[in-house]
Amino acid sequence: MNEIMANIKSRRSRRAFVDKPIPEEIIEDMLEAARYAPSALNKQPSRFIVVSNKEIILRLSGIIRSITEKIARLLPLLSIIQPELRDPRVVAAIQKTLSGGGDTVFYGAPLLILIAAEKKAGRYAVKDCSLAAENMMLYANSVGIGSCFIGRADMLAMSKQGRELLGLPPQYKIHAALVFGYTPAAGDAAAPQRMRDNVLKWVR
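Using numbering that gives the first Met the number 0, read the sequence shown as starting at 0 and increasing by one per residue.
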């Protein structure tokens, strides 16, 4: 197995972090890795918001938790409009966010990076931002830093306070958000099983 494949296979979604800041030079390298991700027509629409202030991260977590509470109250109605909200795993995730103590959104991570693009960037922007996110996660893993993709962080764009804390202009939309941090030594879990029968068709 070559080094790139080994790095890909060793990456995990981490949800526990130690209280240790990430050096700024490593953060700069993570951003550089993101810049080298491919983008449609080489438009490079990704824009990055870096939050290393733990107090601000906690405030942002509180905003998402508050929005999640509203969603939970409206879940019976919303699940009619959005069928994915009927998924037991989604319901369980909502309940865990609301019932757990501490930071149940960003997991106490010392670093949050959001990736946004202008709304006029077009339908490929979400793909471009996602490619940049993966580059960052893989680079972080290669230098011993854990990460987790936080899908619900786009809720921050729904909040005036969230936008103000992030300095997010109104013409921008959040497409990806990730937390990073050093993880406890005991956090090296075994690799989850991966599907081997997920090739729909191989046209030879």
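A virtual CB, placed ideally from N, CA and C, is assigned to each residue, including glycine.
Looking only at C-alpha atoms, which of the options sits nearest to residue i?
i: D153; options: G121, K8, I114, Y138; result: I114
i: I26; options: S141, M157, Y171; result: S141
i: E68; options: I55, Q94, R58, I80; result: Q94
i: M135; options: I56, M0, N6, N1; result: N6
i: A175; options: I112, L199, R203; result: I112
i: G99; options: G61, M194, L73, K42; result: G61
Is it the case that the Cβ atoms of residue i and residue j are separated by a distance below 8 Å?
i: S12; j: C147; result: yes
i: M29; j: Y138; result: yes
i: A71; j: L110; result: no
i: P183; j: V17; result: yes
i: V104; j: I149; result: yes
i: L164; j: R58; result: yes
i: A131; j: A33; result: yes
Would you grab the beta carbon distance between residue i and residue j for me? Rounded to a whole angstrom, and I think it's under 8 Å.
i: I63; j: L167; result: 14 Å between Cβ atoms; not a contact.
i: G180; j: G145; result: 6 Å
i: V178; j: Y106; result: 6 Å
Exposed or buried, what is residue i when buried is set at 16 or more other beta-carbons lying within 10 Å of its beta-carbon?
i: S45; result: buried
i: G101; result: exposed
i: I79; result: exposed
i: S38; result: buried
i: G161; result: buried
i: L40; result: exposed
Could you say if the stretch 115-125 and the stretch 161-175 meet the contact criterion of at least three C-beta pairs nearer than 8 Å? In the pairwise beta carbon analysis, the stretch 115-125 is classified as touching the stretch 161-175: at least three pairs are separated by under 8 Å.
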